[in-house]
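Residue numbers (this note's numbering), protein chains in the order written: chain A, 1 to 486; chain B, 487 to 791.
Heads up, the beta-carbon is just placed ideally off N, CA and C, and yes, glycines get one too.
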Amino acid sequence: MDLDAYTSQPGFFDELLTPKGRARPGSAQLARFLRKSTGAELNLKRESADLAIKTLGISFTVYSEGQNIDRQWPFDLVPRIIRANEWQMIELGLKQRLKALNLFITDVYNEQFIVKDGIIPNDILASSKDFRPECIGMRPKFDVWAHICGTDLIRDKDGTVYVLEDNLRVPSGVSYMLENRNISKRVLPELLDRHNVMPMDDYPSQLFNTLCSLSPRSIKSPEVVLLTPGIFNSAYFEHAFLAQRMGVELVEGSDLVVENDDCVYMKTVEGASRVDVIYRRIDDQFMDPEVFKPESMLGVKGLMRAWRAGNVAIANAPGVGVADDKVVYTYVPDMIRYYLNEAPLLPNVPSYLCSNAEERAFVIDHCQDLVIKPANESGGYGMYIGPRETAKSTRNIRKLITANPRNYMAQPVISLSTAPTLIGDQLEPRHVDLRPFILQGEDSFVTAGGLTRVALVRGSLVVNSSQGGGSKDTWVVSDVTKNGMR
Amino acid sequence: MLSRVAERLYWFGRYLERVENTARLLSVYSNVVLDLPKAGFVWGSLVDITGYVEPFKTRFKSPTERNVVKFLLDDPSGSLRANVLRARENARTTRDLMPSEAWEKMNELHFLLSRNLNQQVSRNDRHEFLAQIIDLCLELTGYLSGSMSRLAPYYFIKMGRNIERADMTTRVIDVASLNLIGPASLLSENDNILWMGVLQSLNAYQMYRQQIQARIQGTEVVDFLLKDRSFPRSVSYCLGEVGSSFKHLPRHDKALKTVRRAQRIVARAAAVDLLANDKLHDFIDHTQENIGLTHASLTHIWFSA
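Dropping the structure here:
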C-alpha cells in the first residue's frame, strides 16, 4: 500500500500522518504495516472481519417500514491510534468534566448556588425542557446523577481535542467499542501484539461495580437490572450484550412492579424479587406513566415514587438531561472553575451565545462561517450551517436571532480530523470522532480510548451508524514497548 | 429467572411443536387422500383440528384441498408460517438461553417459510417441503435436548412442547372419531386405511404396530393414543412429562395437582365404553378442559408472579 498516495486533506488533521507524510508519534508500526500490505491482503482481512461480525452476531437494528432489520455492524479494520500520554490528559479532563456536571445537577435541584452567584442566568434553567421539577430536593448517593456518560470528542485542524457534547441521558455505543477490539484480536493479532495497547475489556465489570455501589441496601449482592424498551429499540443488541456480560437480568417495564411499600420488585418464576439498582436505557419521559407520559407502555408505574423514597437507585438518575442542553453546555468550563476551582483540562468548542450583545454582533457579522443552533431543539432541527446556506436563509437567520437572541448559539464550523480508511482497494482519509465512556459512582473510571466513529462517505461529517457511518477500533498505545524499550 | 422470559420459552416450545404437528398432519393427509380416491371430504377436518374454522370460512368458500393447503401454509391465523413467526418472536429475546445452533435452525425455518409458498400448494413439491420443515423442527429440538442444561429454561420449553402435544393428540382423536370416520364406524372395524392415517399423523403407526399385534381397530387406536404409558405422543405420556417438568421448578404444588387430576381422568377412560355410550366427544372436551386448567395454573404460578 503506497502511503504517499494517501493524501490527507489539507486543512484537516490526519490521525496517522503529518502533512509531510510521516507517521505521527506512536503510529510508526501501523504506518509500516500499511505500507507493507497490499490492497488485496487488507481486503482478505476485511473479509475475515466481516465473517467475525457475522458469527459473533454483532448487529444494530434499523426500524423501517414496520419491520425490524438487523444490520451488520460496519467496521473499518485500520485502527485509530492515540498516544497514552495524550490520553492521560484527556482522561483527567473527562473525569473533571463529569464531576463538575454532577455537582451542577445536584446544585440545580437543590440550592441553585450557581444561579445565585450569577454564573448561570436563571432563565436558562427555567427554559430548559429537561429540567424536572420532580427531582427538586433529591440527593442521590454520592451526589452523583450521571453515572454513565458518553462524551463526544473531536480533533480540530491544529490537533486540539475539543468536547463536542456530553451525552448524559442514555449514551450508547460501548458494546461496539468492546466488539471492535474483539474483531481486531481476530484479524490483526500480530499488529496488536507489536503495540502496547491499553486493555478495555474490563468495562462491563467496572460498570457492574459502579452500579452495585449505588445500591440503597447495604447487602452483599444487590439486585441490579438493565431496563430496556425492548427488541424494537435500535440499541437492543447493546442492552442484551451488557446484561449478559454483567450477569444481570435484562428487564422490560412490564417485568417490574412498585408495591405499596414503595419498593421495586421484579417478577420471577421464584416470585417477586426486590430490585436495588436499575440501569435504565429508556428516556426519562417514558420511565414512569404515573409522573411522565401517561401513555407510556415502556415504563414502570410508581418508579419515581420508589426512587424519591430512596428505595431504588436509577442510573442515570432522572433529570440529568438538564445538563446536556446545548446552552448549558457552553457553561461547563465555568462550572469546572466554579465548583472545583480548577482550570478546565478539555476545552469546549468555542461557542457564541446570542443572548450576549457582543457575541451576538459577532455572530450576525460572521453567519456564513458559523454553525448556528437553536438552544432548545435537538436532532439537528433548525440548524444553520453557514458555508452551505443561501443568501436568503442567511437573511432569515439574522432576523430570527435579532427577534429571539436567547434562543440561539453559534459555533465555528469544525474540521473533524481524518484517519485512513479502507475504501475498495485504497486507503482514503475519512472524518472521525471519538466517544469515550466515563463512569462515576463511588469512584470514577474512563475507558481506555472509546468508540471511534467514521463517516464513510467522502467529505461527510456524519458519523451516525444509522446514516452510513462506520467505526474503528481505538488503540491507546504507550510509547514504552512490551519489553520496556522505547 | 424472569417470568416474562419463562413465558416466552414456554410459548416458543408450544409454537415449535405446533409447527411440527401441522406439517405432519398436512403431509399425512396428503398421502391418505392418495389412497382414497374420493376422500376429498377429509380436507375440511384438517381445518377443524387446527381450531381455526372461522378464519378459514372468512377467507374461503369451501374446504377444497387447494384452499385448505393454502390456509395451513400461510394464513395469518394458524398456519405454518404464522406459527414459525410466533416461535421465532419468542426465541428472539430468549436466544441467549439456548444453544446458538437452535437459533440458527429457527432462522432457517423462518427463511424457508417466508418465501412465496404458492408452489407448495401443488402436491408435487409438497411432500419434500413438509419433510424439510419437520426435519428442521427435529434438529432444533435435538440441539435443545442435546446441549441445554436441565435447568428452568429447559423445563419451560419442555412443558410447552408437551402441553401442545397432549392438546394436539386429543384434537386428532376428536376430529377423527367425529368428522372423519363417524362414531358408528369406530366399532365396525372398517376404515383400516383411515385409522392408519390417524396413527401416522401422530407418528404412532410403527410403535402401535409393535405393541399391538391385532389388526387395526378404532377402539384400540383411541386407547393407545390416550393412555399408552410409553408412547411419547399419547396424552398420558405428555401429561406425565409436563408434571415431571413442574417438579424441577419452585412453588409447583398447585400446578402438579392440576396435571395429576388430568392424568387420572385419562387413565380411567376406556374407549369401548366411551364409544358404546357415545361419550367420546364429551370425554375429549373434558380432557381438553383439564389440559387448559393445567395451562392456566402454570401461567398463574410462574408467569404472572
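- Pairwise C-beta distances place the segment 132-146 of chain A in contact with the segment 103-114 of chain A, as three or more of them are shorter than 8 Å.
- Listed in chain order, the positions of the segment 732-743 of chain B with a beta carbon within less than 9 Å of a beta carbon of chain A are Leu735, Pro736 and Arg737.
- Among the CB atoms of chain B, none fall inside 7 Å of the CB of Thr7 (chain A).
- Three or more beta-carbon pairs separated by less than 8 Å link the segment 345-353 of chain A to the segment 150-166 of chain A, which places the two stretches in contact.
- Only buried fits Arg567 (chain B), as 16 or more other CB atoms lie within 10 angstroms of its CB.
- Looking from the CA of Asp2 (chain A), the closest CA among A:Pro420, A:Thr452, A:Glu442 and A:Gly468 belongs to A:Pro420.
- In the DSSP assignment, Met266 (chain A) falls within the beta strand (DSSP E) that extends over Val264 to Thr268.
- Thr418 (chain A) is not a Cβ neighbour of Thr452 (chain A), given a cutoff of 7 Å.
- Taking 7 Å as the threshold, the shortest C-beta distance from Asp764 (chain B) to chain A does not fall below it.
- The DSSP assignment places 391-403 as complete runs of the alpha helix (DSSP H) inside the segment 365-428 of chain A, in order along the chain (cut-off: 4 residues).
- For the segment 250-281 of chain A, the residues whose beta carbon sits under 7 Å from a beta carbon of chain B are, in order, Val251, Glu252, Ser254, Asp255, Met266, Lys267, Thr268, Val269, Glu270, Gly271 and Ala272.
- Of all residues in the segment 577-594 of chain B, only Arg578, Thr579 and Asp582 place a beta-carbon less than 7 Å from a beta-carbon of chain A.
- Arg612 (chain B) has its alpha-carbon roughly 47 Å from the corresponding atom of Asp425 (chain A).
- For Gly150 (chain A), the uninterrupted beta strand (DSSP E) segment begins and ends at Ile148 to Arg155.
- Residue state for Tyr279 (chain A) is assigned as strand, using DSSP reduced to three classes.
- The CB of Ala240 (chain A) comes closer than 7 Å to the CB of Asp582 in chain B, given here in chain order.
- Apart from the 5 residues on each side of it in sequence, Met592 (chain B) sits with its Cβ closer than 6 Å to the Cβ of Arg574 and Ala577 in its chain, given in chain order.
- Bridge pairing for Gln440 (chain A): A:Ser444 [DSSP].
- When beta bridges are read from the DSSP output, Glu165 (chain A) appears opposite A:Asp152.
- The straight-line gap separating the alpha-carbon atoms of Val555 (chain B) and Arg305 (chain A) is approximately 55 Å.
- With contacts defined as CB atoms closer than 7 Å, Val258 (chain A) and Met266 (chain A) fail to qualify as a contacting pair.
- Chain B has a Cβ within less than 7 Å of the Cβ of Gln244 (chain A).
- Interface criterion met: the Cβ of Ile231 (chain A) is under 7 Å from a Cβ in chain B.
- Across the set A:Gln440, A:Ser444, A:Asp324 and A:Asp334, the C-alpha of A:Asp334 shows the shortest separation from the C-alpha of Ile119 (chain A).
- Cβ neighbours of Lys547 (chain B) within its own chain (closer than 7 Å, five residues either side excluded): none.
- Under DSSP, the beta-bridge partners assigned to Thr474 (chain A) are A:Arg80.
- For Val413 (chain A), the number of other beta carbons within 10 angstroms of its own is below 16, and it is reported as exposed.
- In the DSSP assignment, Gly271 (chain A) is bridged to A:Thr268.
- DSSP places Arg308 (chain A) in the uninterrupted alpha helix (DSSP H) bounded by Leu303 to Arg308.
- For the segment 550-574 of chain B, there are no residues whose beta carbon sits under 9 Å from a beta carbon of chain A.
- Between the segment 734-741 of chain B and the segment 756-764 of chain B there are fewer than three inter-stretch CB-CB distances shorter than 8 Å, so the stretches are not counted as touching.
- One finds Val269 in chain A with Cβ atoms closer than 8 Å to the Cβ of Trp788 (chain B), taken in chain order.
- Think of a sphere of 8 Å around the beta carbon of Ser489 (chain B): the chain A residues whose beta carbon falls inside it are Asp255, Lys267, Thr268 and Val269, in chain order.
- Beta-bridge analysis with DSSP links Ala23 (chain A) to A:Leu17.
- Against chain A, a Cβ distance below 8 Å from Ala638 (chain B) picks out Val269.
- For the 7 Å CB-CB criterion, Val454 (chain A) and Asp76 (chain A) form a contact.
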